[in-house]
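Numbering (the numbering used here), first residue to last: 20 to 902. Where a beta carbon is used, it is the ideal one built from N, C-alpha and C, also for glycine.
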Amino acid sequence: MKNFYKRCLATLLTAAMATLAHAVKVRFDVTVPNGTQKVYLIGSTDALGNWGANENRALPMNATNATRWTLTVELQPNTAYQYMFLCGPNWKYEQSPNASTPFTTGTQDETGDNHRINTVTDWTAIPPKVTTVTFNVTVPASTQEVYLAGGDNDNATDMDELGNWEVPKGRCVKMPKTGEGTFAVTLDLTPDQTYYYKYLCGAAWDYEQSAADAFAVSTASTQVTHDVVNSWKGVPVPLTSPQNYLKRTGNQITDAQGNNFVMRAIGLGNYMVWEPYMWKVTDYAKAGIMQDIVGRMSLALEPADLQAFVDGYMANYITKDDVDSLKKWGFNAIRLPMHYNLFIGTDADDNTFVEKGFEMTEQLRQWCAANEMYLVLDLHAAPGGQGNDHAISDSRSPGLWDGNSDGTARQYQDKTVLLWQELARRFGDKEWMGGYDLLNETNYYTGDNLNLLDLYKRCTKVIRLHDRHSIIYLEGNGFANDFATIAPELWGADWDDNVAFSCHKYWAKHDGFAGEDLRTKHNVPLWLGETGENANEWFYQTVKLAESRNIGWAWWAHKKIDNISGFTSIQTGDAFGKISDFINHGTGLDANDKAGNRAIFNEFLETVKMANCKINHDVLFALIDQQPDGTLTRPYPTNIVPGVVHTTHYDLGRQGYAFYENNSDQVIERTAMDAGAYNAGWTGRNDAVDFNKTEGVTDDKSNGYNLGWTNAGEWLQYSVKAAKAGQYTIRIRHASEQTATVGINTQNNTELLAKALAPTGGWQTWQTTEMGAIALQEGWNTFRLAFKSGSANINYLEFVLPEASHITPSHSLPQPMAWVNGDTLILNPNCEWTRAQICSLNGTPLARYNQPSDIAIGQWPKGTYIIEATLADGQTQTMKFIK
20 MKNFYKRCLA TLLTAAMATL AHAVKVRFDV TVPNGTQKVY LIGSTDALGN
70 WGANENRALP MNATNATRWT LTVELQPNTA YQYMFLCGPN WKYEQSPNAS
120 TPFTTGTQDE TGDNHRINTV TDWTAIPPKV TTVTFNVTVP ASTQEVYLAG
170 GDNDNATDMD ELGNWEVPKG RCVKMPKTGE GTFAVTLDLT PDQTYYYKYL
220 CGAAWDYEQS AADAFAVSTA STQVTHDVVN SWKGVPVPLT SPQNYLKRTG
270 NQITDAQGNN FVMRAIGLGN YMVWEPYMWK VTDYAKAGIM QDIVGRMSLA
320 LEPADLQAFV DGYMANYITK DDVDSLKKWG FNAIRLPMHY NLFIGTDADD
370 NTFVEKGFEM TEQLRQWCAA NEMYLVLDLH AAPGGQGNDH AISDSRSPGL
420 WDGNSDGTAR QYQDKTVLLW QELARRFGDK EWMGGYDLLN ETNYYTGDNL
470 NLLDLYKRCT KVIRLHDRHS IIYLEGNGFA NDFATIAPEL WGADWDDNVA
520 FSCHKYWAKH DGFAGEDLRT KHNVPLWLGE TGENANEWFY QTVKLAESRN
570 IGWAWWAHKK IDNISGFTSI QTGDAFGKIS DFINHGTGLD ANDKAGNRAI
620 FNEFLETVKM ANCKINHDVL FALIDQQPDG TLTRPYPTNI VPGVVHTTHY
670 DLGRQGYAFY ENNSDQVIER TAMDAGAYNA GWTGRNDAVD FNKTEGVTDD
720 KSNGYNLGWT NAGEWLQYSV KAAKAGQYTI RIRHASEQTA TVGINTQNNT
770 ELLAKALAPT GGWQTWQTTE MGAIALQEGW NTFRLAFKSG SANINYLEFV
820 LPEASHITPS HSLPQPMAWV NGDTLILNPN CEWTRAQICS LNGTPLARYN
870 QPSDIAIGQW PKGTYIIEAT LADGQTQTMK FIK
């Protein structure tokens, strides 16, 4: 049974959250051997722990006498389940024999099949004995919180139940309030010991009881204490809150004033934490984590030059120009994935703070504040490593839970707690902080040592010493999406009212988000803290679904090297090619030519700057400007004619509106990890339109990409801005091994031109063919490049306006009604408009204009609107537009 509970990642990411709308109550009663101290229930669904005993999922049962235990659970009626019992919280304490019990629920609460009566005759192992002690304390009536901390008298014995006196590391027990000035908590302690303990009115020694002497209790038998604290050495004072921060209000994330806030954030992946796939690593044995990537670089550079490169890369990755651009594009927050070693000593026993990380974070916060954007801190690479996916945490083992050859799990967890306390101390009172994402994507199910809940409790306690106003984000196990072990009911008195759950979503269907059940059940916000790495169609659908449910999001990632699915792509050139070859294969650079290598690395640094990156406008459009309508298209901004129109520069928009892909073997988005490619060449654009990098003999008009894998019936829509009206000759740059017929169509697919393209002798053997001519009016014109038969690679279209044209076109392209230019809505100047009105999407008139031409829309909130305009002949035209 020990392996039965394991769930694959794909299941975790795609499982729909079951609801309990029509649940029935099922009562489990079990008789067990005399002397059994605890009994747990585990079973085949989330409500029964989903076989995750080693993940703290087992459900504790209630004793009714010395040998009988009971628990009532809500399950779905008429459904098959299986269950077992344990006498400890993990599989080594399962019942013997270890066979599970199957049953099918009925429809009546706690009767018939819904009353399970069982007997366990033996256990495979018995947990260590414990003694139950109930601590009661009476304190001054004004006391708001009480914590219990203790250990033995000389710290010779680990007594983790009371924290071993390590209050600064978050090791203390928060006590539930039982009345005015009274608090109590019941704990299981090691038998036959003497525990010494003190009370505190805050989670720090500054707030301990005034009496110097500790209380003491013997655990030779069950005990109940009745202690009195007359005064405290200090009392926590109210903390000063900034004016701009994020908090929880019910199941919403809101700003400081309580206004609902839908986060549109960008994650700075590949900044402080480098992931191999973002660096085009192909040999993970050589460079499977950031340490290895840097280690490979160290073979080619002097130590000082290597440090200068790492510093320079991080400095160029995010600048004020980047943050200003993100704000302009529509983002309102940044998620900062932090590497712990930029903030605190790397050695397990070195907890000295490192200023570099704090300085980088403060600079970024200032840039965010200048743009009124929130900054969320995310511990992405934790001390020791938080899971078995080593790349995302720059570690070779899950040392945070198991320890490793360099340190113990206790040391790594202590370091994590101390780091969060220092981050809260330094940034808790700063403006435009968006909260604390405690631990990125824990992924660890294989051992008995995982205690994510305990670590979260400790981190929360020390953060709240310095910041009570900012929201804390809690990611589950299983790459963030498994919240079973950190659900609110498991926190007890430690539950914090200012938290949100954070799920991640990749390569999954559009059927909801992990954690929505917790949001509904506990009235807690849910944040889509990381998502991306897919086609624009998936981006559009995911954001639309999230925002329709008032769930904010953070996209992954800002800058990656030579990519189509991020907003900005660091372009690969000769310098990066040599660096990449050296990292992967040991070629490309001469390890003995350190000075020459320094120049190559410095050349690559220049490409990291925003000014030298490629902006993927289609990704931005899918995420932000296209929401929520989905039918809109927008011209690619650089299509000015006369001149060249690259095939990658078709209109921004979705399948059926900006392009049409009809290959039955191709997906337009990836809704599963093994869904296949949506772009056969993985380059050019992030849609289900196939591009590859152009090879062979090209010319200086090429942008390096060509359309490929074309099929009859497909089309791409292009909008071009003509500098002047006239008859434009179209020349098409193509390559193929077969004859292909292509056409120029109107938006409603009326054919304007058609041309048979002869084979060129190869798919990368290029030639230019004149297609014919069409008339363009001054300003924007829209047409479709259609594929009639055969297949051809297309590099670009060139529009030529002869000085004296003798060509008489048979068709003219229709003109758009209006278009947005910055803060102005421009009505087509070639038409005579008598009046216009702007309406909301539901048809409510917002403004009216007589004799309109250019309409100022700078004062309008961002969103989608309708423009209705009437021509001089009385005809009315309607169009949607995005501000």
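For residue i, I'd like the list of residues in its chain whose CB is within less than 6 Å of its CB, leaving aside the five on either flank, ordered along the chain.
{"i": "Asn174", "result": "none"}
{"i": "Lys597", "result": "Gly607, Leu608, Ile619"}
{"i": "Phe234", "result": "Tyr216, Asp246"}
{"i": "Gln783", "result": "Glu714, Gly715, Ala754"}
{"i": "Thr91", "result": "Lys44, Arg46"}
Whole angstroms are fine: how far does the CA of residue j sit from the CA of residue i?
{"i": "Asn500", "j": "Gln95", "result": "22 Å"}
{"i": "Pro146", "j": "Tyr112", "result": "7 Å"}
{"i": "Met379", "j": "Met357", "result": "10 Å"}
{"i": "Gln685", "j": "Trp728", "result": "11 Å"}
{"i": "Cys522", "j": "Ala506", "result": "13 Å"}
{"i": "Thr157", "j": "Tyr218", "result": "10 Å"}
{"i": "Asn84", "j": "Phe202", "result": "27 Å"}
{"i": "Gly700", "j": "Tyr463", "result": "34 Å"}
{"i": "Asn658", "j": "Gly314", "result": "44 Å"}
{"i": "Ile857", "j": "Asn849", "result": "20 Å"}
{"i": "Asn75", "j": "Leu472", "result": "9 Å"}
{"i": "Gln896", "j": "Glu680", "result": "30 Å"}
{"i": "Lys193", "j": "Thr427", "result": "25 Å"}
{"i": "Ser119", "j": "His409", "result": "35 Å"}
{"i": "Leu206", "j": "Ile363", "result": "34 Å"}
{"i": "Phe372", "j": "Thr435", "result": "12 Å"}
{"i": "Pro195", "j": "Cys478", "result": "19 Å"}
{"i": "Ser824", "j": "Ala742", "result": "The pLDDT assigned to Ser824 is 42, lower than 50, so where the model puts this residue is not dependable, and the model offers no usable value."}
{"i": "Thr162", "j": "Glu227", "result": "12 Å"}
{"i": "Asp648", "j": "Asn73", "result": "46 Å"}
{"i": "Phe131", "j": "Val139", "result": "Going by the sequence as given, residue 131 is Gly instead of Phe. Distance between the alpha carbons of Gly131 and Val139: 21 Å."}
{"i": "Trp838", "j": "Arg487", "result": "47 Å"}
{"i": "His134", "j": "Ile61", "result": "16 Å"}
{"i": "Gly422", "j": "Asn725", "result": "51 Å"}
{"i": "Trp514", "j": "Glu556", "result": "39 Å"}
Use the C-beta contact count for residue i: other C-beta atoms within 10 angstroms, 16 or more gives buried, fewer gives exposed.
{"i": "Val58", "result": "buried"}
{"i": "Thr843", "result": "exposed"}
{"i": "Gln326", "result": "exposed"}
{"i": "His604", "result": "exposed"}
{"i": "Lys347", "result": "exposed"}
{"i": "Asn360", "result": "buried"}
{"i": "Gly781", "result": "exposed"}
{"i": "Ile874", "result": "buried"}
{"i": "Asn97", "result": "exposed"}
{"i": "Ala866", "result": "exposed"}
{"i": "Ile886", "result": "buried"}
{"i": "Ile136", "result": "exposed"}
{"i": "His41", "result": "exposed"}
Quick one: residues in its chain with C-beta nearer than 7 Å to the C-beta of residue i, no 5 flanking neighbours on either side, listed in chain order?
{"i": "Leu208", "result": "Val149, Thr150, Val152, Glu180, Tyr214, Thr238"}
{"i": "Thr539", "result": "none"}
{"i": "Glu851", "result": "Leu890, Ala891"}
{"i": "Lys807", "result": "Ala731, Thr760, Val761, Gly762, Ala773"}
{"i": "Glu733", "result": "Tyr679, Glu680, Asn681, Phe806"}
{"i": "Thr504", "result": "Glu74, Asn75, Arg76, Leu471, Leu472, Asn496"}
Leaving out five residues before and five after residue i in sequence, what residues of the same chain have Cβ atoms less than 8 Å from its Cβ?
{"i": "Arg854", "result": "Arg867, Tyr868, Asn869, Gln870, Pro871, Ala888, Thr889"}
{"i": "Thr225", "result": "One detail in the question is off: residue 225 reads as Asp in this sequence, not Thr. Lys252, Gly253, listed in sequence order."}
> Using 8 Å as the Cβ pair cut-off and three pairs as the minimum, do the segment 625-637 and the segment 542-554 touch?
Replying inline: no
>> Closer than 8 Å is the cut-off here; do at least three beta carbon pairs connect the segment 411-421 with the segment 307-327?
In response: yes
> Would you say the segment 244-256 touches the segment 274-291, given that touching needs at least three Cβ pairs under 8 Å?
Replying inline: no
>> Between the segment 310-330 and the segment 422-435, can you find at least three pairs of beta-carbon atoms closer than 8 Å?
In response: no
>> Would you call the segment 786-793 in contact with the segment 738-757, where contact means no fewer than 3 C-beta pairs closer than 8 Å?
In response: yes
> At what residue ranges does the segment 48-118 contain a whole run of the alpha helix (DSSP H), taking only runs of 4 or more?
Replying inline: none
>> Counting beta carbon pairs with one atom in the segment 508-522 and one in the segment 285-300, are three or more of them shorter than 8 Å?
In response: no
> Considering only residues of the segment 246-329, which uninterrupted alpha helix (DSSP H) runs meet the minimum length of 4 residues and lie entirely inside it, listed in chain order?
Replying inline: 303-306, 309-317
> Mind pulling the alpha helix (DSSP H) runs of 4 or more residues that sit fully within the segment 494-575?
Replying inline: 535-541, 555-567
>> Pairs of beta-carbons, one from the segment 316-325 and one from the segment 381-400, closer than 8 Å: are there three or more?
In response: no
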